[in-house]
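These protein sequences, in sequence, are chains A and B.
Take 706 as the starting number for the first sequence in the numbering used here and just add one per residue.
Take 19 as the starting number for the second sequence in the numbering used here and just add one per residue.
Cβ atoms here follow ideal geometry from the backbone N, Cα and C, with glycine treated the same way.
Quantities reported herein were computed from a predicted structural model and do not represent experimental measurements.
Reading through the structure tokens given below for one structure.
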Amino acid sequence: QVHLVQSGPEVKKPGASVKVSCKASGYIFSNYHLHWVRQAPGQGLEWMGLINPRDGDTSYAQNFQGRVSMTRDTSTTTVYMELTSLTFDDTAVFYCLGECNGCYYPESWGRGTLVTVSP
Amino acid sequence: QSALTQPASVSGSPGQSITISCTGTSSDVGAYNYVSWYQQHPGEVPKFMIYDVSNRPSGVSNRFSGSKSGNTASLTISGLQADDEADYYCFSYTTSNTYVFGTGTKVTVL
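Now the structure itself:
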């Protein structure tokens, strides 16, 4: 059973960066791609990118290219999503999602991390 | 990569059937059978409902079904129930090795 536990809420100022973590358990870490999704208040879901924990390969959505970085720590089975140059529009819940390699559909979701960008 | 297009809202009476469309392009929905669907109740984490266009994960009611024709995928909910009232999102793999969500559809049970 894939279990994803995300870090707690964050409050950041415009222009700052935020790094959100997602600890995976219940399965072989390298067997699942981890995706990140943003959902602003009252808005829809937006795919940000994914990381393959096996080799660290990443794929990012064009809207976030140059501003997002996804990394992993295999020793702690944790993936990280760092978003830089935050604006008020980045106030959102960020979810990590697990997708079995070669499945092309994320089936497991973390509980989400609220990031608030405030002056 | 633009979001896939879904109707903003769809409504139906209890017991009726409704269909939510998800229109993309030949670079996403039309390229592969890798369309999935998620249901999100207010304040909750989205729930995985359909994968590979028309397959249901274990535990999902058979009242939910999916299909695809060309660049448009569809989710049909039959025997509409009060608990089906939620937001629904389609999700597709793309030819750029990326993924894209739909714009989301609010389902209202009248």
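(request) Helix, strand or coil for residue 745 of chain A, going by three-state DSSP, please let me know. (result) Here residue 745 of chain A sits in coil by DSSP.
(request) At 3 residues or longer, and completely inside the segment 46–96 of chain B: list those beta strand (DSSP E) runs for me, N to C. (result) Fully enclosed beta strand (DSSP E) runs of no fewer than 3 residues occupy 53–58, 65–68, 82–87 and 90–95 of the segment 46–96 of chain B, in order along the chain.
(request) Determine the DSSP secondary structure at residue 735 of chain A, reduced to helix, strand or coil. (result) In the structure shown, residue 735 of chain A sits in a helix (DSSP, three-state: H, G or I).
(message) Determine whether the beta carbon atoms of residue 93 of chain B and residue 34 of chain B lie at a separation below 7 Å.
(response) No. Outside cutoff.
(message) So, for residue 905 of chain A: in the same chain, excluding its five sequence neighbours on each side, which residues have a beta-carbon less than 6 Å away from its beta-carbon?
(response) Any property of residue 905 of chain A remains undetermined from this structure, which presents chain A solely from 706 to 824.
(message) Can you list, in chain order, the residues of its chain with a C-beta nearer than 6 Å to that of residue 69 of chain B? Leave out the 5 residues immediately preceding and following it.
(response) The residues are 54.
(request) Taking C-beta pairs closer than 7 Å, name the residues in chain B that residue 809 of chain A reaches, listed in chain order. (result) Against chain B, the beta carbon of residue 809 of chain A has neighbours under 7 Å at 52 and 111, listed in chain order.
(request) Count the other CB atoms, across all protein chains shown, that sit within 10 Å of the CB of residue 125 of chain B; report buried if there are 16 or more and exposed otherwise. (result) Buried, by the Cβ-count rule.
(message) Using the Cβ count rule (16 or more neighbours within 10 Å means buried), how would you classify residue 813 of chain A?
(response) Residue 813 of chain A comes out buried.
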